[in-house]
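In my numbering, the protein residues as written are -1 to 405.
We treat Cβ as the ideally placed atom computed from N, Cα and C, and that holds for glycine.
Below is one structure, written out as structure tokens; comments come after it.
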Amino acid sequence: MPSVIGNASSLTGNTNVLSDLDGAHDTHRRSSAGVAPPDSKDVEGVEVEEYQRFFIKRPKVASEDNDSPDDIVYTTIVSDNCDASDAHTRCVTEALLDIATKRALFSQPNFPRRLVRPIVPAHLIAPAGFKGLGMFATRHLRAGNLILSERPLIIRPAGAPLRQDVPDLSQTQRALFSLSEREMQLQVMLQRMTHECRDAYLALSRSKYHAECGPLLARARTNGWQALTEFNFANSGSCGSYAGVFDELSRMNHSCCPNAVYNWDTQTFSGSLRAVREIMPGEEITVAYCALGELWAVRQTNLQAYGFLCACPACKGGPAADARRMQILIDAYAASKVPTGIALRRAYLSLIRRIEDEGLEALPEYFAALLEMAKYYRCVKDVAKAKAYEGKLNAMSWAMRGEPGAV
């Protein structure tokens, strides 16, 4: 279960949903014009028929002549340059995009580009005790090593828009209608999927925290990772981020001292997972669902959406672990103010050691500290130590940014 990608509704005017039926990227069954609501009961006194009249967005053929950049379209994104026999490369993703995003994606040369994958598989999905399923290393991994690259099952806006041409509804009615609309959008997307992809989506868990949602939306909210990070859906501001749901990347469990990080890459239309420190064979691969720089109480509050109480080493450490974590952040800021010289070297060496002791290599302060040490040793012409830190920096750059680092 990954991190939450926002749940707020986005109210945008004149938003239409179009079905991408031009044949270029839609190779599967088209969506139904009338999708049954997830629940046949009335919603706060408003008849379902009234909901259908005002809220069901009936897909139609997209017209390149008169569509608006804010129009949204169901589309199937197909890759011709992947191994169809390998589930990790997944040649097909169902997506709900605005027209502007779709055009930008397909204007890229050779989109989507070929995935980079480990030559030797690095992980497996297996039982993880009370956590259900989890991801485990099958071989020794070092910082920066690629664990998995995977295309999503679906891509959708985290805050799908609610039309404004609606009857005068209360805030509660509007919220419930919005949830129902999003559930039906996901029904359309699942109808367009292959049986294999649909089964993979339905096999994902859903948090009890999202009990107000339909079963498909609850899975999307529980398992969504950030995606298409360069784009904003229908100009809807902070509510306009996209989220992807994956078959295997959505199986990663949380730790407040994670040993891996997730990144999105639009060119390959995929999410990737890389190690931030050494991982031994059989060790569980974990990521952070919440900000690592927060205190225990804040982290636990932010994790409530997933329906579990974190019991990682940092959370078991109590106030003492909180104090060490906060001191790391304070000292990282103080080190950034130290003039170059011996004092700077001592400050960053101490900071790096304590970050590694706490298992907080995923903090951006760790990357910054490695960069400063590489620069320092270059400055004093200690080539051996400079190269050592540049090697660490390069590994962390791959892990944190998906690209090599430079001093």
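Could you tell me how far apart the beta carbons of residue i and residue j are, in whole angstroms, since I believe they sit closer than 8 Å?
i, j, result
"Thr284", "Pro256", "5 Å"
"Leu368", "Met394", "6 Å"
"Tyr207", "Gly305", "5 Å"
"Ala173", "Ser239", "That belief does not hold up - the Cβ atoms of Ala173 and Ser239 are roughly 19 Å apart, past 8 Å."
"Ala209", "Asp96", "So it is not a contact: roughly 30 Å between Cβ atoms."
"Leu406", "Ile353", "With the chain covering only -1 through 405, there is no way to say anything about residue 406."
"Glu148", "Leu247", "5 Å"
"Leu342", "Val243", "With a Cβ gap of about 44 Å, Leu342 and Val243 do not count as contacting."
"Leu122", "Thr136", "5 Å"
Please go through the same chain and pick out, in chain order, the residues whose beta-carbon is closer than 7 Å to the beta-carbon of residue i, but skip the five residues on each side of it.
i, result
"Val90", "Thr74, Val76, Thr192, Cys195"
"Gln411", "Past the boundaries of the shown model lies residue 411; the chain is included only from -1 to 405, so the question cannot be answered."
"Asp320", "Leu293, Trp294"
"Gly130", "Ser203"
"Glu307", "In the sequence as displayed, the identity of residue 307 is Leu instead of Glu. Hits under 7 Å: Gln298."
What residue does the alpha helix (DSSP H) around residue i start on, and which one ends it?
i, result
"Glu194", "193 to 200"
"Arg217", "213 to 221"
"Pro107", "Premise fails: Pro107 is in no alpha helix (DSSP H) and is neither H nor E."
"Val323", "Residue identity check: residue 323 is Arg in the sequence provided, not Val. Note, Arg323: alpha helix (DSSP H), 316 to 333."
"Tyr304", "No alpha helix (DSSP H) contains Tyr304, which DSSP labels as neither H nor E."
"Val243", "That residue, Val243, is in no alpha helix (DSSP H); its beta strand (DSSP E) goes 240 to 243."
"Met398", "381 to 399"
"Val336", "No alpha helix (DSSP H) holds Val336; DSSP gives it neither H nor E."
Leaving aside the five residues before and after residue i along the sequence, list all residues of the same chain whose C-beta is less than 6 Å from its C-beta, in chain order.
i, result
"Thr227", "Trp262"
"Met250", "Met133, Val285"
"Phe365", "Met394, Met398"
"Glu47", "For Glu47, the predicted structure reports a pLDDT of 40, less than 50, and the residue's modelled location is therefore unreliable. A value from the coordinates is still provided. There are no such residues."
"His252", "Tyr287"
"Asn93", "Reading off the sequence shown, one finds Ala at residue 93, where the question assumed Asn. Here the set comprises Thr73, Ile75, Ile153."
"Leu144", "Pro116, Arg272"
"Glu181", "Pro36, Gly212, Leu214, Leu215"
"Ala124", "Phe134"
"Asn99", "Here residue 99 is Thr; the residue named in the question, Asn, does not match the sequence. Phe229, listed in sequence order."
"Arg217", "Leu202, Arg204"
What first and last residue would you give for the beta strand (DSSP E) that runs through residue i?
i, result
"Tyr207", "No beta strand (DSSP E) holds Tyr207; DSSP gives it neither H nor E."
"Val71", "70 to 76"
"Glu92", "90 to 96"
"Arg154", "152 to 155"
If I measure Cβ to Cβ from residue i and keep anything under 8 Å in the same chain, skipping five residues before and after, which residues do I get?
i, result
"Ile326", "Leu349, Arg352, Ile353, Glu356, Leu358, Leu361, Glu363"
"Ala332", "Ala345"
"Gly400", "Asn261, Asp263, Ser270, Arg272"
Within 8 Å, do at least three Cβ pairs link the region 261 to 281 to the region 366 to 385? no
Counting Cβ pairs closer than 8 Å, one from the region 369 to 383 and one from the region 259 to 278, do we hit at least three? no
Ignoring anything shorter than 3 residues or poking outside the region 347 to 373, list the beta strand (DSSP E) runs there in chain order. As far as the region 347 to 373 is concerned, it has no whole beta strand (DSSP E) run of at least 3 residues.
Output the residue ranges of the alpha helix (DSSP H) runs that lie fully inside the region 257 to 301 and measure 4 residues or longer, sorted by chain position. Taking only runs of at least 4 residues, the alpha helix (DSSP H) segments lying wholly in the region 257 to 301 are 294 to 300.
Is it a yes or a no for the region 177 to 190 touching the region 115 to 127, going by three-plus beta-carbon pairs under 8 Å? By the Cβ test, the region 177 to 190 is not in contact with the region 115 to 127, since fewer than three Cβ pairs between them sit closer than 8 Å.
Report yes or no: do three or more beta-carbon pairs, one from the region 307 to 321 and one from the region 287 to 298, lie closer than 8 Å? yes
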